[in-house]
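In the numbering used here, each residue carries its 1-based index in the sequence shown increased by 24.
Notes to accompany the following structure.
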Amino acid sequence: MFAMENYHRATDLNDAVRALAAHPEARVLAGGTDVLIRLREGDGAFAHLVDINGLDELRQIDMDTSGTIRIGALATCTRIIEHEIIRSHLPVIAASLATIGGPQIRNIATMGGNICNGAVSADSACALLILDTELVIQGPAGERTVPILGFHTGPGRTILRRDEILKYFLFRPGQYRGIGAAYCKYAMRSAMDIATIGCGAALRMEGDIITSLKLAFTVAAPTPVRCPRTEEAAAGRRLDEETLALLAGIVEDDVQPRTSWRAERDFRMHIIRTLVQRVTREAANQQGGN
25 MFAMENYHRA TDLNDAVRAL AAHPEARVLA GGTDVLIRLR EGDGAFAHLV
75 DINGLDELRQ IDMDTSGTIR IGALATCTRI IEHEIIRSHL PVIAASLATI
125 GGPQIRNIAT MGGNICNGAV SADSACALLI LDTELVIQGP AGERTVPILG
175 FHTGPGRTIL RRDEILKYFL FRPGQYRGIG AAYCKYAMRS AMDIATIGCG
225 AALRMEGDII TSLKLAFTVA APTPVRCPRT EEAAAGRRLD EETLALLAGI
275 VEDDVQPRTS WRAERDFRMH IIRTLVQRVT REAANQQGGN
């Protein structure tokens, strides 16, 4: 039996925000794939819950006339992966979510929960970072929109306040049109394992010249990170083996992998250097380059 002390099922978004404001110790229950495990383990920090599963307004996936795509925070991984808008315009999002757990987990887990739990290994984080995704957050004072870069502040921590809820993810057309993008998750097991390293790349090219590279990693620092030095070095260079080797060397300045029970730092660094080259190549292939 769960050691639950307080449970509130929200009737709408404002009701959820009010409940969180009234009970600062409460946690949001969305898919529950992380929260319920912590509760079953007896973690007292998860004994007070505000359940938002009844808020269908947070499940929407749509595109407006300008081309801006919106994914609700409660949309499940499976629904996002299978949605035609995502498959047509944001395939790297679908690819990253497809690496989460197994089908049963993806059927109930949400991208909102994957990001809001603050895990440095969040599989969707790389794809969101390389697309410069924006997050729309609801609190007692109304909405605020923030970039995904900077949303994570440390292991298990984000900028979300106790009385705020993530509503949806925004993708502006300038963030996803005309790019090639790819994601790779390296894990000790190919199925249902936490990433040892995750890497995403978004590439714009003119011929064989890189005009911009956006590169992101998970489990390579205390938070999911972009790689500004590596990105700057790539701009204006020909995409060839020499450039790829250069990027693999520079990336060491952008990441801070650590030793843990899952992997040694040196091993993680080797994977990081390898993935920079592999994922950049794949992003070029996705754009139609060689």
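Cβ coordinates follow ideal geometry from the N, Cα and C atoms, glycine included.
DSSP places THR298 in the helix class (H, G or I) of the three-state scheme. In the structure shown, the three-state DSSP call for PRO115 is helix. Beta-carbon to beta-carbon, ILE233 and ARG262 are separated by about 6 Å, close enough to satisfy the 8 Å threshold.
Cβ neighbours of TYR200 within its own chain (closer than 7 Å, five residues either side excluded): HIS113, LEU114 and LEU155. Comparing C-alpha distances from CYS101 to each of ALA54, GLU255, GLY180 and GLY78 shows the shortest one belongs to ALA54. Close CB contacts of VAL249 within its chain, under the 6 Å cut and outside five residues either way in sequence, are with PHE241 (chain order).
Look at ASN77 here: in three-state DSSP terms it is coil, with no helix or strand label.
Per DSSP, the continuous alpha helix (DSSP H) segment holding ASP39 begins and ends at 37–46.
Per the Cβ contact rule, the region 76–85 is in contact with the region 31–46 (3 or more Cβ pairs under 8 Å). For ILE61, the number of other beta carbons within 10 angstroms of its own is below 16, and it is reported as exposed. With 16 or more other Cβ atoms inside 10 Å of its own Cβ, ASP187 counts as buried. Between VAL59 and VAL74, the beta carbon gap of about 11 Å keeps them out of contact (Cβ cut-off 8 Å).
Looking at CYS140, ILE139 and PHE195, the one whose alpha-carbon comes closest to that of ASP86 is PHE195.
Taking a C-beta distance under 8 Å as the contact criterion, PRO197 and THR123 do not qualify as a contact pair.
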